[in-house]
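Reviewing the structure listed below.
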Amino acid sequence: MASTIGHVTKHFYSNSWIDRAAPLRLDADWLRQRVGDPTSMFLPVWRDRSLIAAGDEPAAGLLHGADIPPQVALHESVFLGLAEGGPATFAVLLPDAPDPHSSWLKGGATFGDLRQFGPVMTPQAAGLLAYARAVGHWHSTHRFCGACAAATESLNGGWLRRCSSVDCGRQHFPRTDPAIIVRVVHGERILLGRQAAWPKCRYSVLAGFVEPGESLEDAVRREVLEETGIVCGEVGYVSSQPWPFPASLMLGFSAVAESDTITRGDEELEDARWFSRQQIVDAVAAGELRLSPEISISRTLIDAWIDR
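Residue numbers for the sequence shown follow the numbering used here, so the first one is 26 and each next one is one higher.
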């Protein structure tokens, strides 16, 4: 479910339609006014779960400021930006309580896992929830300073956490974990692998996290070699996709294999094999092969190769 405009690929869970308005993060007075503005919009996040609005089709639980009690909005809000039409939009990070919504949340909305509900939402709604979930996860895992263990405080509209210790005062900024995902080809075949934990018959292109001191291209070659024993030569960047489960940025590549003998070198993959285009088409039609979900960059890389 990626759309292409010219040479630009816009993937599911991207949210380029919202203006992040980064300079406003430094305007504490403006932010305070917007948090108290009944026209502002809020996306509650609880335990990495997103608020899902009640209705026939799942939708983002986007609430007006008038629907949020002041004590809830002030608990911890992260300025996401200016939505289409201009209203300030915030993620509200709810405390880790057993039942965060019993006293004020109305209308049948519930907190759900974006992995389940995101794929059946509009790309705009899913992208906004993914954005809120990602920043919420970062806050939940950085309550304390990694250098001295003192509590941290949220500043700059939620885009900075500063250590409260006067002897430390270290600043912490939101982090994203870069991961490569690569379409490896050899002649007219593509390399696909599967993990044991995946649904039956599910295969995908290979992926892995980038290690410190490593270029993206080196990460591609290392991951493919470690998992399959395949040596890659030419490596080229394709496109990227935010993947907030919990905080990854998937960096898509295409690589040309210089060998085709598969030797699984670690326990990450249960199986790996080469497929021709026709083998994929026939196996999918027969129910013998399941590819990654359509919203994933993995599927985009595979489909683009098949179509080409």
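Beta carbons: idealized from backbone N, C-alpha and C, even for Gly.
Tell me which same chain residues have a C-beta within less than 8 Å of the C-beta of H162, skipping the five on either side of it?
Start at 1 with the first residue of the sequence shown, and residue 162 comes out as number 137. Excluding sequence neighbours, H162 sits near D73, P269, P271 and A272.
Work out the CA separation of A297 and R333 for me, nearest whole Å.
Mapped onto the sequence shown, residue 333 falls at position 308. Mapped onto the sequence shown, residue 297 falls at position 272. Spanning the two alpha carbons is a distance of roughly 22 Å.
Please state whether DSSP places A174 in a helix, a strand or coil.
Residue mapping note: residue 174 aligns to position 149 of the sequence shown, counting from 1. A174 falls in the coil class under three-state DSSP.
Which word fits R200, buried or exposed, when buried means at least 16 other C-beta atoms lie within 10 angstroms of its C-beta?
Residue numbering aside, residue 200 sits at position 175 when the sequence shown is read from its first letter. Flag for R200 reads exposed.
So who's on the other strand from Y262, going by DSSP bridges?
Against the sequence shown, residue 262 aligns to sequence position 237. For Y262, which the question treats as bridged, DSSP gives the partners F278.
Endpoints, the beta strand (DSSP E) within which S102 is located:
Within the sequence shown, numbered from 1, the residue matching residue 102 stands at position 77. S102 -> beta strand (DSSP E) spans S102 to L107.
How big is the Cα-Cα spacing for G182 and L76?
Taking the sequence shown and counting its residues from 1, one reaches residue 182 at position 157. Taking the sequence shown and counting its residues from 1, one reaches residue 76 at position 51. When rounded, the distance between both Cα atoms is 21 Å.
Per DSSP, what kind of secondary structure is P144 in: helix, strand or coil?
Locating residue 144 in the sequence shown gives position 119, where the first residue counts as 1. In the structure shown, P144 sits in a helix (DSSP, three-state: H, G or I).
Could you spell out the range, first to last residue, of the alpha helix (DSSP H) harbouring V249?
Here the question's residue 249 lines up with position 224 in the sequence shown. Element bounds for V249: L241 to T253.
Can you tell me which of A329, L326 and A159 puts its alpha carbon nearest to the alpha carbon of F104?
As a first step, residue 104 must be located in the sequence shown, where it is residue number 79. Out of A329, L326 and A159, A159 has the C-alpha closest to the C-alpha of F104.
Compute the Euclidean distance between the alpha carbons of K225 and P144, then round it to the nearest angstrom.
As a position in the sequence shown, residue 225 is number 200, starting the count at 1. As a position in the sequence shown, residue 144 is number 119, starting the count at 1. Straight-line Cα distance between these residues: approximately 20 Å.
Closest to A329 by CA distance: which of G80, D307 and F278 is it?
Locating residue 329 in the sequence shown gives position 304, where the first residue counts as 1. It is F278 whose Cα lies nearest to the Cα of A329.
Please state whether DSSP places Q220 in a helix, a strand or coil.
By 1-based counting over the sequence shown, the position of residue 220 is 195. Note: Q220 maps to coil in three-state DSSP.
Give me the Cα-Cα distance between F198 and S265, rounded to the nearest whole angstrom.
What you label residue 198 is simply residue 173 of the sequence shown in a count that begins at 1. What you label residue 265 is simply residue 240 of the sequence shown in a count that begins at 1. Cα to Cα, the separation comes out at about 21 Å.
May I have the straight-line CA-CA distance separating L153 from T286, to the nearest angstrom?
To locate residue 153, count along the sequence shown from 1; it is residue 128. To locate residue 286, count along the sequence shown from 1; it is residue 261. L153 and T286: Cα-Cα distance of roughly 43 Å.
With 16 other Cβ atoms within 10 Å as the buried cut-off, status of H89:
For the purposes of this step, residue 89 is taken as residue 64 along the sequence shown, with counting starting at 1. Per the 10 Å Cβ criterion, exposed.
Helix, strand or coil for Y38? Go by DSSP, reduced to three states.
Here residue 38 refers to the residue found at position 13 when the sequence shown is read from its first residue. Y38 falls in the coil class under three-state DSSP.
What residues are listed by DSSP as bridge partners for T325?
Here residue 325 refers to the residue found at position 300 of the sequence shown. Note: T325 sits in no beta bridge, so no partner.
Burial state of G218, where buried means 16 or more other Cβ atoms lie within 10 Å
Here residue 218 corresponds to residue number 193 of the sequence shown, with the count starting at 1. Flag for G218 reads buried.
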